[in-house]
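To start, the structure itself, in structure tokens.
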Amino acid sequence: MRLVSLTFLALCLPTAAAVYRMLPARARVGALLALDFAFYCLAAGSAFWLLPLLAAVTALAADSRLARGVCAALLAALFFACRAVGILPMGFAFFVLRAVGFLLDEREKQPPAAVVAYLLFFPAVTMGPLFDFDTFRAGLAAPPDTKRRADAVCRLARGLVRKFVFADPLLAAYRDLAMHGTTLGAAVTLVAFSLYLYFDFAGYSDIAVAVGGIFGFDLPENFDYPYVSRSVGEFFRRWHATLGKWLFRHVYLPLGGSRQGMARTLLSLAAVWLCTALWHGATACYLLWGVYFFVLLAVEKLCFPKGFRIGILPTLLLVLPGWVFFFSDGFAAASDFFGRLFCLGGTLLYSRADLYDVLRYAPFLLLSALAATPLFRDAMRAVCRRLGDLPRHAAALCGFVLALAYAAAGGYTPFLYASY
144 MRLVSLTFLA
154 LCLPTAAAVY
164 RMLPARARVG
174 ALLALDFAFY
184 CLAAGSAFWL
194 LPLLAAVTAL
204 AADSRLARGV
214 CAALLAALFF
224 ACRAVGILPM
234 GFAFFVLRAV
244 GFLLDEREKQ
254 PPAAVVAYLL
264 FFPAVTMGPL
274 FDFDTFRAGL
284 AAPPDTKRRA
294 DAVCRLARGL
304 VRKFVFADPL
314 LAAYRDLAMH
324 GTTLGAAVTL
334 VAFSLYLYFD
344 FAGYSDIAVA
354 VGGIFGFDLP
364 ENFDYPYVSR
374 SVGEFFRRWH
384 ATLGKWLFRH
394 VYLPLGGSRQ
404 GMARTLLSLA
414 AVWLCTALWH
424 GATACYLLWG
434 VYFFVLLAVE
444 KLCFPKGFRI
454 GILPTLLLVL
464 PGWVFFFSDG
474 FAAASDFFGR
484 LFCLGGTLLY
494 SRADLYDVLR
504 YAPFLLLSAL
514 AATPLFRDAM
524 RAVCRRLGDL
534 PRHAAALCGF
544 VLALAYAAAG
554 GYTPFLYASY
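Positions 144 to 563 (my numbering) are the ones given, in order, by the sequence shown.
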């Protein structure tokens, strides 16, 4: 079972949402528990038992301060042990962050059933977004809201378009372009991967937020058009924002943050990026990825006044090379790619085959780049201010049809972050 499967979208989601909204508030936790268990068991395969078991242990451990601390430490240790041996059950990385955050944040006893339903909340169980227990509790008590559900359906259409119309074709383009050994080929490959990563993860986040909204939950934004950021710091406030907020709250601030001088600020920032890198994977490439962005952010803090913006293009020129560590199989592969990207070691600038593929993919890459900005969103808002919500609903319907057509033609490629 997947959030983007036709069976889920056409049958399970509308049926479950209709039944859920008819239930009294006191019965909603039980209904969500049933949905959570059913969804995860169908999606996770043979390891379906682990997360429900850990969720139950977490709920029981929340009774005392000592038990909370021990449980949080054991969950973190179990995660890093599983990461080290390369065996992670589906959604385990995000589950650990939710569970540890809950154990560190909550000081009052909560109903165990509600805690388990929160930790296994099915729209966000595999890839986020991360949110706190207060958000979940507010959603349980939220009254039926027709406008919220209509907005969520439109958001669902946008997520499906981002996944099937943009992300999956961009992945195919990236794989084609990656075979070229020239500087031009490397540059366009990097652009294609950067756009693919954004649309794949932002598409899932849209779908998760939308499904949560259909059930009455206001899940937080995860992506806010990061590729129009004017500094590296702003980029990471817009990119995977819920992870950044979690690390800010549970790593950066406890270490002192920016309240005790520049040295403590940089130490806290280094700890955040070490945790970020290890959370993604215990490999040299992920560690170098963390070091790269730590250095960029440290330079921003040391050399520029607060609020200084270097501009969109300079930010892109700094951020995009960091994704090389993200998609490379190892340090040698990353070094080879950088050699091609910067025309080192006798690398050709371009070839005839490069030009053919670049011209073939250029219109789609340009459209994707425009779709990664607020341009279309702002245009739709301007139209809706004049004509009401009808154009937005019509666009959502067209989005559903278009995404279905692309999915039928190209099949389904798993979300990249589903492996975390």
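Positions of the beta carbon are idealized from the N, C-alpha and C atoms, including for glycine.
Cα atoms of G424 and L491: separation of roughly 33 Å, rounded to the nearest angstrom.
Cα atoms of R211 and L218: separation of roughly 11 Å, rounded to the nearest angstrom. Contact between A198 and V147 does not hold, since the beta-carbon distance rounds to 24 Å and is not under 8 Å. Of G271, K444 and G454, the smallest CA-CA separation from S372 is found for G454. Only buried fits P266, as 16 or more other CB atoms lie within 10 angstroms of its CB. Contact between the stretch 333-340 and the stretch 269-286 is absent: fewer than 3 CB-CB pairs across the two stretches fall below 8 Å. The stretch 248-312 contains, as complete alpha helix (DSSP H) runs of 4+ residues, the segments 255-262, 276-284 and 289-303 (chain order). In this structure, C214 and A224 do not form a Cβ contact; the two beta carbons are roughly 15 Å apart against a cut-off of 8 Å.
The beta carbons of V239 and Y183 sit no closer together than 8 Å. Runs of the alpha helix (DSSP H) spanning 4 or more residues and lying entirely within the stretch 324-378 occur at 326-357, in chain order. Cβ-Cβ distances below 7 Å link V304 to G542, L545 and A546 in the same chain, with the five nearest sequence neighbours on each side left out; the list follows chain order. Inclusion of A330 and L484 in the CB contact set at 8 Å is warranted, their separation being smaller than that value.
With a cutoff of 8 Å on beta-carbon distance, G359 and G234 are scored as not near each other. Contact between the stretch 458-473 and the stretch 288-305 is absent: fewer than 3 CB-CB pairs across the two stretches fall below 8 Å. Comparing alpha carbon positions, the residue from G328, T201, V375 and K252 closest to R452 is V375. Counting along the chain, A321 sits inside no alpha helix (DSSP H), nor does DSSP assign it H or E at all. Sequence-distant Cβ neighbours of L193 in its own chain, meaning closer than 6 Å and more than five residues away, are P232. Along the length of the stretch 393-426, whole alpha helix (DSSP H) runs at least 4 residues long occupy 405-423, reported in chain order. Excluding residues up to 5 positions away in sequence, G465 lie with their Cβ nearer than 6 Å to the Cβ of Y435 in the same chain. For W466, the enclosing alpha helix (DSSP H) starts and ends at W466 to F470. Counting C-beta pairs with one atom in each stretch, the stretch 498-510 and the stretch 340-359 have fewer than three that are closer than 8 Å, which means they do not touch.
With respect to D311, T556 sits close: the two C-beta atoms are nearer than 8 Å. In this structure, G473 lies away from A548, with their beta-carbon atoms at least 8 Å apart. In the DSSP assignment, C225 falls within the unbroken alpha helix (DSSP H) covering R208 to V228. Rounded to whole angstroms, D206 and L263 show a C-alpha spacing of 19 Å. Rounded to whole angstroms, the separation of the alpha carbons of P157 and A353 is 12 Å. Cα atoms of A284 and L176: separation of roughly 16 Å, rounded to the nearest angstrom. Looking at the backbone, the Cα of L513 and that of G482 are separated by about 29 Å. R452 sits in coil when the DSSP states are folded into three classes, being neither helix nor strand. Using a C-beta cut-off of 8 Å, the stretch 436-446 makes contact with the stretch 400-415, since at least three inter-stretch Cβ pairs fall below that distance.
Runs of the alpha helix (DSSP H) lying entirely within the stretch 489-514, each at least 4 residues long, are 495-514 in chain order.
Rounded to the nearest whole angstrom, the CA to CA distance from Y429 to A420 is 5 Å. By the Cβ neighbour-count rule, V228 is exposed, with fewer than 16 other Cβ atoms within 10 Å of its own. Between the C-alpha atoms of R208 and P254 there is a straight-line separation of about 16 Å. Under the Cβ criterion (8 Å, minimum of three pairs), the stretch 313-322 does not count as touching the stretch 154-173.
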